[in-house]
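Just below is one structure, and these are the notes that go with it.
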Amino acid sequence: MTSRAAFLDGAKDVAGLAPGVAVFGLSFGALIRARGIDPIAGAMSSVIVGAGAGQTAAVEVVVAGGTVIVAVLSALIVNARFALYSAALAPMFGRFSRRWRYGLAWLVSDQTVGLYGRGQARWRTPALQQYYMLGVTLPMRTSWVGGTFAGVLLGPVVPGSWQIGFIVPLVFIALALPGIRGLPEVVAAVTGLVAVVALRGLPLGLNIVAAALLGMTAGLLVRPRFAPAPPAHADSADST
Amino acid sequence: MIWVVFALAGIGTYLIRLSGIALLANEERIPPLVRRALRMIGPAAMGAIVGNSLLLDHGAWRPFGVWHVASLVALAVGVWRRSLGLTLLAGAAAFAALLLLGL
Numbered sequence: 000m001t002s003r004a005a006f007l008d009g010a011k012d013v014a015g016l017a018p019g020v021a022v023f024g025l026s027f028g029a030l031i032r033a034r035g036i037d038p039i040a041g042a043m044s045s046v047i048v049g050a051g052a053g054q055t056a057a058v059e060v061v062v063a064g065g066t067v068i069v070a071v072l073s074a075l076i077v078n079a080r081f082a083l084y085s086a087a088l089a090p091m092f093g094r095f096s097r098r099w100r101y102g103l104a105w106l107v108s109d110q111t112v113g114l115y116g117r118g119q120a121r122w123r124t125p126a127l128q129q130y131y132m133l134g135v136t137l138p139m140r141t142s143w144v145g146g147t148f149a150g151v152l153l154g155p156v157v158p159g160s161w162q163i164g165f166i167v168p169l170v171f172i173a174l175a176l177p178g179i180r181g182l183p184e185v186v187a188a189v190t191g192l193v194a195v196v197a198l199r200g201l202p203l204g205l206n207i208v209a210a211a212l213l214g215m216t217a218g219l220l221v222r223p224r225f226a227p228a229p230p231a232h233a234d235s236a237d238s239t
Numbered sequence: 000m001i002w003v004v005f006a007l008a009g010i011g012t013y014l015i016r017l018s019g020i021a022l023l024a025n026e027e028r029i030p031p032l033v034r035r036a037l038r039m040i041g042p043a044a045m046g047a048i049v050g051n052s053l054l055l056d057h058g059a060w061r062p063f064g065v066w067h068v069a070s071l072v073a074l075a076v077g078v079w080r081r082s083l084g085l086t087l088l089a090g091a092a093a094f095a096a097l098l099l100l101g102l
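Read top to bottom, the protein sequences are chains B and R.
Position 216 of the first sequence, counting from 1, maps to 215 under numbering that gives the first Met the number 0, and the rest follow consecutively.
Position 38 of the second sequence, counting from 1, maps to 37 under numbering that gives the first Met the number 0, and the rest follow consecutively.
Right, dumping it as structure tokens:
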């Protein structure tokens, strides 16, 4: 009974976020069709990978003629930020049962990781917090997968789908912004943007991998003006 | 090939998602440099992908036009509202409107 209440409480907290994820899924599904990717593989990628930015990065490299290794590498570089989320969740998840811990880890996403503090404040026992986190993550993943499937099915009939490629820069602009919290992040993003163009002669999508690493290095060289005080629950919550 | 890409990306992403949860005890912290690097790699990679998909078209410069203007609209709305859904909708609406205007 209360586990049900905890689940519904979590679901209520993400109700406002789910439509945005569904729209993203819809566009990703349409992109799959427009790029000529196997529709079943594309749809299943939302179940298997469950991280839209990484999936989109992999698709772009494959379309550019990149190898499997470069495509996977690009996806993992884009998804490296999940390591921060994982660290932030470690104290909370450490008290969950092994099955829950490993299951929830697979479901956590950009928009849901920030809510764990709220779950801990409202639900006292790990058993109930598990259900809260499931209520937060499951609807979001379902929206993502549902949106993708719908996009794959509807893709060919979307008007103007020949221009669907615009969804790629659009999605990455939308996804990058919440993670940009200061000058170092701005420098990293702008360096990545400039470097990828400067390195456009590199084959097989390698310019993306190289530019991402250059951008990261540039961001590291900029000292933040104020060292942020270590927050109570690690950080991450408000990064992308 | 695409199945292999998604399978490996899925396994790798899951291992990244599991990394902190599986390896860190409660009190442990990631070293500050690693933490900063992880925070920088997201914006850097996303900036690179924006550059690759917006400024370039099949490896050559994309002529200035609808793509750039609609991206600027999305950027402005994103900075203003910080919402994934609104940013996507604003960019898509601007893009569709500009196409309809025949630009």
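We put the CB at the ideal spot given by N, CA and C, even for glycine.
Exercise for the section: Anything in chain B within Cβ reach of residue 2(R), meaning under 7 Å, just list it in chain order. Expected result: Neighbours of residue 2(R) in chain B, taken as residues at a C-beta separation under 7 Å, are given in chain order as 40.
Handout entry: alpha helix (DSSP H) segment containing residue 0(R), residue limits
Key = Membership of residue 0(R) in any alpha helix (DSSP H) is not indicated, and neither H nor E is assigned to it by DSSP.
Problem - Ordered list of beta strand (DSSP E) runs contained in the stretch 70–94 of chain B, each at least 3 residues - result: The beta strand (DSSP E) runs lying completely inside the stretch 70–94 of chain B and spanning 3 residues or more number zero.
Handout entry: Length of the line joining the Cα atoms of residue 16(R) and residue 43(B)
Key = In a straight line, the C-alpha of residue 16(R) is about 19 Å away from that of residue 43(B).
Exercise for the section: Quick one: which unbroken alpha helix (DSSP H) runs of 4-plus residues sit fully inside the stretch 114–180 of chain B? Chain order, please. Expected result: Segments of the alpha helix (DSSP H) lying fully in the stretch 114–180 of chain B: 115–121, 125–153, 166–175.
Exercise for the section: Decide yes or no for the touch test of the stretch 131–145 of chain B against the stretch 162–179 of chain B: beta carbon pairs closer than 8 Å, at least 3 of them. Expected result: Contact annotation: the stretch 131–145 of chain B does not touch the stretch 162–179 of chain B, with fewer than three C-beta pairs closer than 8 Å.
Problem - Residues, ordered as in the chain, of the stretch 42–61 of chain R that lie near chain B by beta-carbon distance below 7 Å - result: For the stretch 42–61 of chain R, the beta-carbon criterion of a distance under 7 Å to any beta-carbon of chain B is satisfied by 42, 43, 44, 45, 46, 47, 48, 49, 50, 51, 52, 53, 54, 55, 58.
Problem - Buried/exposed call for residue 63(R), threshold 16 Cβ in 10 Å - result: Taking all protein chains shown into account, residue 63(R) has fewer than 16 neighbouring C-beta atoms within 10 Å of its C-beta and is therefore exposed.
Handout entry: residue 66(R): contacting residues in chain B (beta-carbon distance under 8 Å)
Key = Those are 165, 168, listed as they occur along chain B.
Practice task
Could you tell me whether the Cβ atoms of residue 59(B) and residue 52(R) are closer together than 8 Å?
Solution key: In this structure, the beta-carbon distance from residue 59(B) to residue 52(R) falls below 8 Å.
Problem - Neighbour list for residue 162(B) in chain A, Cβ cutoff strictly below 8 Å - result: Protein chains B and R are contained in the structure displayed, whereas chain A is not.
Practice task
Could you check the C-alpha separation between residue 70(B) and residue 211(B) for me, to the nearest Å?
Solution key: Looking at the two C-alpha atoms, the distance is approximately 14 Å.
Exercise for the section: Consult DSSP for residue 56(R) and reduce its assignment to one of helix, strand or coil. Expected result: The answer is strand: DSSP assigns residue 56(R) an E or B state.
Practice task
Quick one: using the 10 Å Cβ neighbour count with 16 as the cut-off for buried, is residue 100(B) buried or exposed?
Solution key: Buried.
Handout entry: Contact with chain B by residue 5(R), beta-carbon distance below 8 Å
Key = So, interface residue.
Problem - Contact residues within the stretch 73–102 of chain B, judged by C-beta distance below 8 Å to chain R - result: Listed by position, the residues of the stretch 73–102 of chain B near chain R (Cβ gap below 8 Å) are 73, 74, 75, 76, 77, 78, 79, 80, 81, 82, 83, 84, 85, 86, 87, 88, 89, 90, 92, 93, 100, 101.
Exercise for the section: Would you check if the stretch 108–115 of chain B and the stretch 85–94 of chain R touch, i.e. whether three or more CB-CB distances between them fall below 8 Å? Expected result: No contact exists between the stretch 85–94 of chain R and the stretch 108–115 of chain B.
Problem - Burial state of residue 31(R) (16 or more Cβ within 10 Å) - result: By the 10 Å Cβ count, residue 31(R) comes out exposed.
Handout entry: Complete alpha helix (DSSP H) runs within the stretch 37–75 of chain B (minimum length 4 residues, chain order)
Key = Whole alpha helix (DSSP H) segments, 4+ residues: 38–47, 51–62.
Exercise for the section: Consider the C-beta atom of residue 18(B) and the heavy atoms of the ligand GTP; say whether any pair is separated by less than 7 Å. Expected result: Looking for the ligand GTP in the displayed structure turns up nothing, as the structure carries no ligands at all.
Exercise for the section: Give the C-beta separation of residue 42(R) and residue 218(B) to the nearest angstrom, bearing in mind that I take them to be a contact with Cβ-Cβ under 8 Å. Expected result: With a beta-carbon spacing of about 7 Å, residue 42(R) and residue 218(B) fall inside the 8 Å limit used to define contacts.
Exercise for the section: Report all residues from its chain with a CB closer than 7 Å to the CB of residue 36(R); omit the five preceding and five following residues, and keep chain order. Expected result: Cβ within range, chain order: n/a, list empty.
Practice task
Identify the continuous alpha helix (DSSP H) that holds residue 107(B) and give its terminal residues.
Solution key: Per DSSP, residue 107(B) belongs to no alpha helix (DSSP H) and is neither H nor E.
Practice task
Leaving out five residues on either side along the sequence, give the residues of the same chain with a beta carbon under 8 Å from the beta carbon of residue 203(B).
Solution key: Closer than 8 Å at the Cβ level, and outside the excluded window around residue 203(B), lie 60, 63, 64, 65, 66, 69.
Practice task
Round the Cβ separation of residue 50(R) and residue 192(B) to the nearest angstrom and send it over; I've been treating them as touching at under 8 Å.
Solution key: About 4 Å separates the two Cβ atoms, so the contact holds.
Exercise for the section: Determine the DSSP secondary structure at residue 80(R), reduced to helix, strand or coil. Expected result: Note: residue 80(R) maps to helix in three-state DSSP.
Handout entry: Nearest to residue 81(B) (by Cα), restricted to the options 57(B), 55(B), 49(B), 98(B)
Key = With distances taken between Cα atoms, residue 81(B) lies closest to 49(B).
Problem - Under the three-state DSSP convention, the category residue 8(R) falls into - result: Per DSSP, reduced to three states, the secondary structure at residue 8(R) is helical.
Problem - Rounded C-alpha distance that separates residue 190(B) from residue 1(B) - result: Going from the Cα of residue 190(B) to the Cα of residue 1(B) covers about 49 Å.
Exercise for the section: Determine the chain R residues that contact residue 50(B) at a beta-carbon separation under 7 Å, and present them in chain order. Expected result: Going along chain R in sequence order, the residues near residue 50(B) (Cβ under 7 Å) are 12.
Problem - Distance, residue 198(B) Cα to residue 206(B) Cα - result: Rounded to whole angstroms, the gap between the alpha carbons of residue 206(B) and residue 198(B) is 5 Å.
Exercise for the section: Within the same chain, show all residues whose beta-carbon is closer than 7 Å to that of residue 46(B), passing over the 5 residues directly before and after it, in chain order. Expected result: Only residues of its own chain outside the window of five on either side were considered, and among them 144 have a CB closer than 7 Å to the CB of residue 46(B), listed in chain order.
Exercise for the section: Taking residue 32(B) as part of the alpha helix (DSSP H), name the residues at either end of that continuous run. Expected result: Taken as a continuous stretch (DSSP letters only), the alpha helix (DSSP H) holding residue 32(B) covers 17–33.
Problem - Burial state of residue 32(B) (16 or more Cβ within 10 Å) - result: Around the Cβ of residue 32(B), a 10 Å sphere holds 16 or more other Cβ atoms; the residue is buried.
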